[in-house]
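Engineer: Once you've had a glance at the structure underneath, I'll fire off some questions.
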Amino acid sequence: MGTRRPNPCRAATRPYAARCLLALLLVLILLVPAAYGLQPTSDSWPQFRGWDTRVGTSLSAIPSSNETLWSIDLTDQVQSSIAVVDGLALLGCDDGNLYCLDADTGAEVWRFETTNTVQSSPLVSDGRVYFGTSDGYGHCLDLANGTVIWSFATRQIVSSPALWNDTVYFADQWGNVWAVDADTGEEVWNKTLPLDIWASPTVVAGLLYVGDIAGNFRCYDATNGDLVWNRTWQEAEIYSTAVVHNGRVLVGTGLHETLECLDAATGETIWTFNAYFEIYSSAAVSDGTVFIHSWDFLWAIPWDDPDGDGVISPVEVLWDFQTFDFQGGSSPTVSGDRLVVGSDDGYLFCVDVATGEPIWNLSMPDFVYGSPALAMGRVYVGSTGGRVVCVGSPAEPRLYTTIEPSQTVCEGGQSITLDISVLTIDGEPGGDAFMQYTATSGELFASFGTVVEGRFKNYWTAPDVASTTYVTITAEGELPGWDVVGDEIVITVEPAEEPPEPDLPRLAHPYLMAGVLAFVALDAVLAVLIIRGRKRQREVAA
């Protein structure tokens with residue numbers, strides 16, 4: 002049998018095909034919405050720009066006025082952006098402290114002292130606070146009390162960390178990118194760019210994007226630090242943190258005066274917007290619109306290039322909003338039909354996203370470099386004058402719902418008791434809340450009702466099941482003037498046991514059974530013979 006000769010043309014195409022397949026896989030990964038491990042809620046803003054993607058949008062509404070709930074004055078500049086988690090507001094200050102404040106009042110909860118400025122914005126996840134310092138450390142603190150869990154030596158850090166797959170990423174002003182185990186603080190890998198890094202790393206779908214002030218912009222494999230692609234712009238400086246959205250990357254180029262839209266998998270240019278002024282901040286993306294500011298102008302431009310020529314031209318700009326000075330690094334935060342952004346002329350602006358018309362502004366002492374954080378319907382931001390403000394209204398008092406089942410494991414058809422309580426954080430009833438109850442299976446005695454004095458008993462009957470089934474039971478409520486937090490539980494339902502068969506006596510051996518049957522038959526024969534004999538005796542006597 003002859004040996005098949007390889008096809009040289011086919012062999013030559015294999016590396017190319019493999020590269021195409023890899024690029025296609027990267028594109029597919031980036032186009033599929035990621036299950037982000039760290040993202041904002043209506044009540045939280047856990048990191049710089051909110052999301053892992055740094056898109057700068059919020060699930061919380063922006064206030065309709067500049068009403069200030071509270072403000073405090075620190076002893077030095079606040080260039081850090083604020084994180085808001087679990088009712089706490091965290092920020093760095095040039096006085097060398099990381100502050101943890103009560104988000105409702107501004108009262109200090111704790112502070113962590115360093116030996117230099119803290120311009121890095123904190124990242125909060127799973128009860129831990131990650132941030133960098135200008136004295137050359139990446140820190141991990143306990144959110145509850147500010148105690149050190151670990152510290153990792155770097156060079157000076159002014160950028161903000163990123164978190165992905167149990168790894169935290171820092172970038173320092175010596176051009177180093179550090180990947181550190183988020184739990185232990187041990188180094189995973191590091192890479193070095195040619196010059197200082199001021200921009201924060203962005204990590205999405207296993208790819209890390211970061212640039213330096215020499216115009217170098219790189220994409221690394223976040224797992225091992227391997228270079229995926231890189232771009233360089235002449236006479237550029239990248240202070241802008243990359244935004245990743247729908248398979249694209251947006252990055253400002255500083256003195257190069259452009260916003261570049263790149264393919265996230267390959268780094269190839271999709272379109273360019275020339276702002277004719279330096280861009281030092283990061284973009285926000287919402288509903289097909291990109292918001293970016295450069296020096297004196299805030300711009301709204303389309304996400305897709307209208308004519309496909311690779312350039313967002315001046316006639317394609319949706320609107321612009323001018324202030325006296327936008328040169329600093331404050332990036333816009335968007336929610337619904339409003340946008341908030343800080344300016345170097347000492348104002349916090351709220352703008353209509355459809356028209357660019359101003360809605361309100363708030364005067365601040367000195368520059369607003371930090372990007373606004375948005376949570377609980379409030380805006381949190383600091384200024385280089387040392388002032389930290391919270392714009393918004395007081396939160397409604399909160400009630401907490403608890404479902405206590407009589408048991409968490411039952412059989413099909415069995416009924417269990419559900420003790421419902423709706424109480425304040427101090428354990429006192431806050432009023433008669435109207436509650437709604439749902440179960441994914443089975444039958445509830447009551448599907449709605451008023452919880453008088455904060456207590457109610459409900460009953461639930463489990464469904465008949467053929468195999469182990471998990472049923473979720475929820476309780477949600479409302480009460481005017483109160484924020485009612487619902488609860489849910491999971492009940493395990495097992496198949497009901499069949500009743501046992503009666504334990505009938507069994508014969509131990511087949512021969513014994515045959516003997517018994519023979520005895521019964523013999524007894525029957527004898528009975529017949531006796532009856533016949535008696536009958537014959539009567540006939541003879543007669």
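Per my numbering, residue 2 is the first one in the sequence shown, and the count goes up by one each step.
Every residue gets a Cβ at the ideal spot worked out from N, C-alpha and C, and that includes glycine.
1) For the beta strand (DSSP E) that contains G253, what are its first and last residues?
2) Assuming the contact rule is C-beta atoms closer than 8 Å, S295 and E279 should be a hit. Round their C-beta distance to whole Å, please.
3) Excluding five sequence neighbours on each side, which residues of the same chain lie with their C-beta closer than 6 Å to the C-beta of G226?
4) Use the C-beta contact count for A476: other C-beta atoms within 10 angstroms, 16 or more gives buried, fewer gives exposed.
5) Taking the alpha-carbon positions, what's the D173 to E109 distance?
6) Within its chain, find whatever has a CB closer than 8 Å to the CB of L29; leave out the 5 residues flanking it on each side and keep chain order.
7) Can you give me the Cβ contacts of Q157 inside the same chain, cut-off strictly under 7 Å, excluding the 5 residues immediately before and after it?
8) Let me know the secondary structure DSSP gives G478 once reduced to three states.
9) Could you check whether L349 and V318 sit closer than 9 Å to each other, using their CB atoms as the reference points?
10) With DSSP collapsed to three states, give me the class of E429.
11) What first and last residue would you give for the beta strand (DSSP E) that runs through G450?
12) Which of the three DSSP states, helix, strand or coil, is assigned to G383?
13) Relative to the C-alpha of F113, which residue among D127, Y131, G107, A104 is closest?
14) Name the two residues that bound the continuous beta strand (DSSP E) containing I293.
15) Go through its chain and collect everything with a Cβ distance to S122's Cβ below 6 Å, but skip five positions before and after it.
16) Would you mind sorting L480 into buried or exposed? The rule is 16 or more other CB atoms within 10 Å of its CB.
17) Check this for me: beta carbons of S61 and R399, under 9 Å apart or not?
18) Should the region 355–367 be regarded as contacting the region 397–417, the criterion being three or more beta carbon pairs within less than 8 Å?
19) On the DSSP bridge list, what partners appear for T356?
20) Along the chain, which unbroken stretches of the beta strand (DSSP E) at least 3 residues long are found entirely within the region 145–201?
21) Over the uninterrupted beta strand (DSSP E) stretch that includes D213, give me the two end residues.
22) Tell me which residues share the same chain as F457 and place their Cβ nearer than 6 Å to its Cβ, disregarding the 5 neighbours each side in the sequence.
23) Could you give the DSSP three-state label for P315: helix, strand or coil?
24) Can you tell me which of the three DSSP states A35 falls into?
25) How would you call D346, buried or exposed, if buried means at least 16 neighbouring beta carbons within 10 angstroms?
26) Can you give me the start and stop residues for the beta strand (DSSP E) that A90 sits inside?
27) In three-state DSSP terms, what is G343?
28) Look up M436 in the DSSP assignment and give the residues it is bridged to.
29) Which residues mark the beginning and the end of the beta strand (DSSP E) in which D112 is found?
30) For the candidate residues T42, R55, A90, A206, whose alpha-carbon lies nearest to that of S72?
31) Any idea what DSSP makes of L26, helix, strand or coil?
32) Residues in its own chain within less than 6 Å of I293 by CB, not counting five upstream and five downstream?
33) Grouping DSSP H, G and I as helix and E and B as strand, with all else coil, what is G133?
34) Using the Cα positions of D353 and T469, report the straight-line distance between them to the nearest angstrom.
Structural biologist: So, to answer that:
1) On the sequence shown, position 252 is the one that residue 253 refers to. It spans 249–253 - the beta strand (DSSP E) in which G253 sits, taken as one unbroken run.
2) Here residue 295 corresponds to residue number 294 of the sequence shown, with the count starting at 1. Here residue 279 corresponds to residue number 278 of the sequence shown, with the count starting at 1. Between E279 and S295 the Cβ distance is about 6 Å, and since that is below 8 Å, they are a contact.
3) Translated into the one-based positions of the sequence shown, residue 226 becomes position 225. Contacts found: W190, K192.
4) Counting from one through the sequence shown, the residue named residue 476 turns up at place 475. By the neighbour-count rule (16 or more Cβ atoms within 10 Å), A476 is buried.
5) What you label residue 173 is simply residue 172 of the sequence shown in a count that begins at 1. What you label residue 109 is simply residue 108 of the sequence shown in a count that begins at 1. For D173 and E109, the distance between alpha carbons rounds to 29 Å.
6) For this step, residue 29 is matched to residue 28 along the sequence shown. For L29, the pLDDT reaches just 40, beneath the cut-off of 50, and the residue's location in the model is therefore unreliable, although a value from the coordinates is still provided. The answer is none, since no qualifying residue turns up.
7) As a working mapping, residue 157 is identified with position 156 in the sequence shown. The residues are S135, G137, D173, Q174.
8) In the sequence shown, residue 478 corresponds to position 477, counting from 1. Strand.
9) Here the question's residue 318 lines up with position 317 in the sequence shown. Here the question's residue 349 lines up with position 348 in the sequence shown. Result no, Cβ atoms of V318 and L349 do not sit closer than 9 Å.
10) In the sequence shown, counting from the first residue as 1, residue 429 sits at position 428. E429: coil per DSSP, three-state reduction.
11) As a position in the sequence shown, residue 450 is number 449, starting the count at 1. Run containing G450: 449–452, per the beta strand (DSSP E) assignment.
12) If you number the sequence shown from 1, residue 383 lands on position 382. Three-state result, G383: strand.
13) Within the sequence shown, the letter at position 112 stands for residue 113. F113 has its Cα closest to that of Y131, out of D127, Y131, G107, A104.
14) One-based indexing of the sequence shown puts residue 293 at position 292. Note, I293: beta strand (DSSP E), 290–295.
15) To locate residue 122, count along the sequence shown from 1; it is residue 121. Counting only Cβ-Cβ distances below 6 Å, and skipping sequence neighbours, we find F49, S81, S82, S161.
16) Here residue 480 corresponds to residue number 479 of the sequence shown, with the count starting at 1. It is buried - the Cβ of L480 has at least 16 other Cβ atoms within 10 Å.
17) Along the sequence shown, one-based indexing puts residue 61 at 60. Along the sequence shown, one-based indexing puts residue 399 at 398. No.
18) no
19) By one-based count along the sequence shown, residue 356 stands at place 355. BP columns for T356 are empty, so no partner.
20) 149–154, 163–165, 168–172, 177–182, 188–193
21) Within the sequence shown, the letter at position 212 stands for residue 213. Per DSSP, D213 belongs to no beta strand (DSSP E) and is neither H nor E.
22) By one-based count along the sequence shown, residue 457 stands at place 456. Within the same chain, F457 has close Cβ partners I421.
23) The count along the sequence shown starts at 1 and reaches residue 315 at position 314. Of the three classes helix, strand and coil, the one that applies to P315 here is helix, per DSSP.
24) Translated into the one-based positions of the sequence shown, residue 35 becomes position 34. The pLDDT assigned to A35 is 40, lower than 50, so where the model puts this residue is not dependable; a value taken from the coordinates is nonetheless given after this. In this structure, A35 counts as coil in the three-state DSSP scheme.
25) As a position in the sequence shown, residue 346 is number 345, starting the count at 1. Result: buried.
26) On the sequence shown, position 89 is the one that residue 90 refers to. Per DSSP, A90 belongs to the beta strand (DSSP E) from 89–93.
27) Stepping through the sequence shown from its first residue, residue 343 is reached at position 342. In the structure shown, G343 sits in a strand (DSSP, three-state: E or B).
28) Stepping through the sequence shown from its first residue, residue 436 is reached at position 435. For M436, which the question treats as bridged, DSSP gives the partners G450, G478.
29) Taking the sequence shown and counting its residues from 1, the one referred to as residue 112 is at position 111. First, the residue type needs correcting, since residue 112 is Arg and not Asp in the sequence shown. Looking at the DSSP string, the run of the beta strand (DSSP E) that includes R112 is 109–114.
30) Taking the first residue of the sequence shown as position 1, residue 72 is located at position 71. Selected option, being the one with the closest Cα: A90.
31) Here residue 26 corresponds to residue number 25 of the sequence shown, with the count starting at 1. Since pLDDT at L26 reaches only 42, below the 50 mark, its modelled position is unreliable, and the value read off the structure follows with that caveat. Here L26 sits in helix by DSSP.
32) Numbered from its first residue, the sequence shown carries residue 293 at position 292. Within the same chain, I293 has close Cβ partners L260, A284, W300.
33) Taking the sequence shown and counting its residues from 1, the one referred to as residue 133 is at position 132. It is a strand residue.
34) Within the sequence shown, the letter at position 352 stands for residue 353. Within the sequence shown, the letter at position 468 stands for residue 469. Each residue's alpha carbon lies about 53 Å from the other.
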